[in-house]
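Mapping to UniProt numbering: the sequence shown position 107 is 107, numbers consecutive.
Think of the CB as a built atom: it goes at the ideal place given N, C-alpha and C, for glycine as much as any other residue.
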Amino acid sequence: MMVRIAWGITGCGDKIEEIVRTMIELKDEYPSLEVHVYYSQNARMVLNLYNLIDLLKENFEKVLPEANSNAPFLPGKLQTGKYDAFLVAPVTANSTAKIAYGIADTLITNSVAQGAKARVPIYMYPPDNRLGEIDTIIPDGRAITLHLRDVDYKNVETIKKMEEIEVLDSVGEIKPALKELFDKLESNNNETNE
């Protein structure tokens, strides 16, 4: 059984290299997994700064940049069942705020809105998901410490209350969440075939 996942990337650099490695590992572990990558206009800059565009293109069949809030036509593909799930990782504080308040004016935020309406499982990893400070690696390899804002934390908490979206608290939660989805889909497929 083929499992298809749309993976949306926003312009957040925090943990981006680790997330890309995680998704490559997951794809390698599950030969029946097909991942199509969709990245926002701001993600293009971040992916280039971290030298990740070529790595994505080498490892994933489709790697598509945002043209506008409907192109490429990810929202429609989510609504019509072309994908079994939508992973958004990493998610910027800006996209998190838009999702929390129902603003759907970019490819990623519109796809979350439309996917939720179609009850497609949505998994999000916003790095700004707790109060305090985090260390992040910038493109030149140096670590810097950032203080997370209260407003960003509150937006994540708002999204956690949405039944259509599962907020992941760390990169380490991506694999287990998707493996659980695979098991559920496989179980449903087996029941259908009996």
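Check	Outcome
Would you list, in sequence order, the uninterrupted beta strand (DSSP E) runs of no fewer than 3 residues that lie entirely inside the region 30-76?	33-39 and 62-65
Buried or exposed for Y101, please, with buried defined as at least 16 other CB atoms from any protein chain shown within 10 angstroms of its CB.	exposed
Taking C-beta to C-beta, are T158 and D14 nearer than 8 Å?	no
Measure from the alpha carbon of Q79 to the alpha carbon of each residue in E186, A6 and N155, then state which is nearest.	A6
Looking only at its chain, what residues have a beta carbon closer than 6 Å to the beta carbon of E66, apart from the 5 residues adjacent to it on each side?	S40, Q41 and L107
Return the residue from the list I9, K62, A113 and L131 that minimises the CA-CA distance to T92.	I9
What residues are listed by DSSP as bridge partners for L26?	According to DSSP, L26 bridges with nothing at all.
Under 8 Å, with one C-beta from each stretch per pair, do the region 176-190 and the region 83-91 reach the 3-pair mark?	yes
Is the beta carbon of E166 sitting closer than 8 Å to the one on L146?	no
Enumerate in chain order the residues of its own chain whose CB-to-CB distance from L74 is below 7 Å, with the five nearest sequence positions on each side excluded.	A6, Y38, L107 and S111
Only counting runs of 3 or more residues, tell me where the beta strand (DSSP E) segments fall wholly within the region 85-144, in order along the chain.	85-88, 122-124 and 132-137
Quick one: Cα of A113 to Cα of G11, how far?	18 Å
Output the distance between the C-alpha atoms of E173 and V156, rounded to the nearest integer angstrom.	16 Å
Leaving aside the five residues before and after D128 along the sequence, list all residues of the same chain whose C-beta is less than 6 Å from its C-beta, in chain order.	A93, L148 and D152
Thinking C-alpha only, which one of N51, L49, Y50 and A43 is nearest L64?	A43
Given G115, which residues of its chain have a CB within under 6 Å of its CB, disregarding the five upstream and five downstream residues?	L78, F86 and I122
Return the chain-ordered list of same chain residues with a C-beta closer than 7 Å to the C-beta of M2, the five sequence neighbours on each side being excluded.	S32 and E34
What does DSSP give as the partner residues of A177 in its beta bridges?	A177 pairs with nothing; no bridge assigned.
So E166 is in the beta strand (DSSP E); what residue range does that whole segment cover?	I165 to V167
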